[in-house]
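With the numbering used here applied, the sequence shown covers 1 to 139. Report on the structure given below.
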Amino acid sequence: MLLRKYLSQLGIGKAIIDLKLPKVMYGLGERVTGEFFIIGGICEQKIKRLECDLVQIDKMNNTQQIIDTTTILTTKFIEEEQEIRIPFSFQLPVSAAVSSEHISYRFNTRLFFDKGVISEDQDIIQVVDQNSNEIDVGQ
Numbered sequence: 001m002l003l004r005k006y007l008s009q010l011g012i013g014k015a016i017i018d019l020k021l022p023k024v025m026y027g028l029g030e031r032v033t034g035e036f037f038i039i040g041g042i043c044e045q046k047i048k049r050l051e052c053d054l055v056q057i058d059k060m061n062n063t064q065q066i067i068d069t070t071t072i073l074t075t076k077f078i079e080e081e082q083e084i085r086i087p088f089s090f091q092l093p094v095s096a097a098v099s100s101e102h103i104s105y106r107f108n109t110r111l112f113f114d115k116g117v118i119s120e121d122q123d124i125i126q127v128v129d130q131n132s133n134e135i136d137v138g139q
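Written as structure tokens, this is what we have:
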């Protein structure tokens, strides 16, 4: 048991985070909803906070910009292999650039534990003009 605890503090067998979204295409100004899905690792861990950034990547200028961040502070414990679901909601800005060959978006999710361990996830989305005739291909 003690060995498992030390391994999880090193990041081996830690709890994992996954942002689950129902689709990949969203219109400008649309509300993105889904859920954070957390699965416990090999032993109990104390969760400190959960952060999720919407990042815009500009391949033409080789830059990344954080559009906005959602932070959930907590002192919750997650048991070994326990599953926790937390609702997620994010309002896309109306003024964002639409996805293109040069512009893309992703949600970067980080789950912070006591002792400095971090679990991460990335989810790519496409931002389209609401008047566009593009078809949602799902995820």
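Using N, Cα and C, we set each Cβ at its ideal position, and we do this for glycine too.
For Lys46, report the span of its beta strand (DSSP E) as first-last. Gln45 to Asp58
Beta-carbon separation of Phe36 and Phe88 under 8 Å? yes
Contacting residues, own chain, Cβ-Cβ under 8 Å from Leu92 (five flanking each side not counted): Tyr26, Gly27, Leu28, Gly29, Glu30, Arg31, Val32, Leu54 and Val127
Identify every residue that forms a DSSP beta bridge with Leu111. Leu50 and Ser119
Taking the alpha carbon of Ile78 as the reference point, which residue from Tyr105, Ile39, Asn62 and Thr69 has its own alpha carbon closest? Ile39
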